[in-house]
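What follows is a set of notes on a single structure, which appears directly below.
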Amino acid sequence: MSYTTGWILLVLSGLIDVAWASVTKKADGFAHLGWGVLSLALLGAFVFTLGKALAVLPLGMAYAVWTGIGAIGSVLVGWLLFHEPLSPQRILFILIVLAGIVGLNLDGGRA
């Protein structure tokens, strides 16, 4: 697998992680069977795609980027879909996480 494919899988895994978190919230503690089953399927999908990406990407950088995608995406989905607050402080901290992701990529990230 190429380095570029690893990046594509990493970003895909991060987006699936955001979907998983959203669906898990909808499952309401697994009280809703359909949402619960979808949650488990998404969990398997993001672990699989993350594992494939880690075959070619450095662990520390990849995991930091992946968690950043999950954190930023979950805050935004929480705000958009679940009407959770998005204060100026949260926006600032999202930008700090984003700066960290950009910084890791500027470093090159190759093993």
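When you line the sequence shown up against the working numbering, it's residues 20 to 130, in that order. C-beta atoms are modelled at their ideal positions from N, C-alpha and C, and glycine is treated no differently.
With C-beta atoms as the reference, is residue 73 less than 8 Å away from residue 81?
For the purposes of this step, residue 73 is identified with residue 54 of the sequence shown, where counting begins at 1. For the purposes of this step, residue 81 is identified with residue 62 of the sequence shown, where counting begins at 1. Going by C-beta atoms, residue 73 is nearer than 8 Å to residue 81.
Just confirm the distance between the C-beta atoms of residue 36 and residue 88, as a whole number of angstroms; I'd bet it's less than 8 Å. Along the sequence shown, read from residue 1 onward, the residue named residue 36 stands at position 17. Along the sequence shown, read from residue 1 onward, the residue named residue 88 stands at position 69. Residue 88 and residue 36 do touch by the CB rule: their CB atoms are close to 7 Å apart, below 8 Å.
* Identify the continuous alpha helix (DSSP H) that holds residue 38 and give its terminal residues. => Position 19 of the sequence shown, counting from 1, holds the residue named residue 38. 22-46 is the extent of the alpha helix (DSSP H) around residue 38.
Tell me which residue opens and which closes the alpha helix (DSSP H) that residue 60 is part of. To locate residue 60, count along the sequence shown from 1; it is residue 41. DSSP places residue 60 inside the alpha helix (DSSP H), whose first and last residues are 52-73.
(request) Work out the CA separation of residue 69 and residue 46 for me, nearest whole Å. (result) Residue mapping note: residue 46 aligns to position 27 of the sequence shown, counting from 1. Residue mapping note: residue 69 aligns to position 50 of the sequence shown, counting from 1. Near 23 Å, if we compare the C-alpha coordinates of residue 69 and residue 46.
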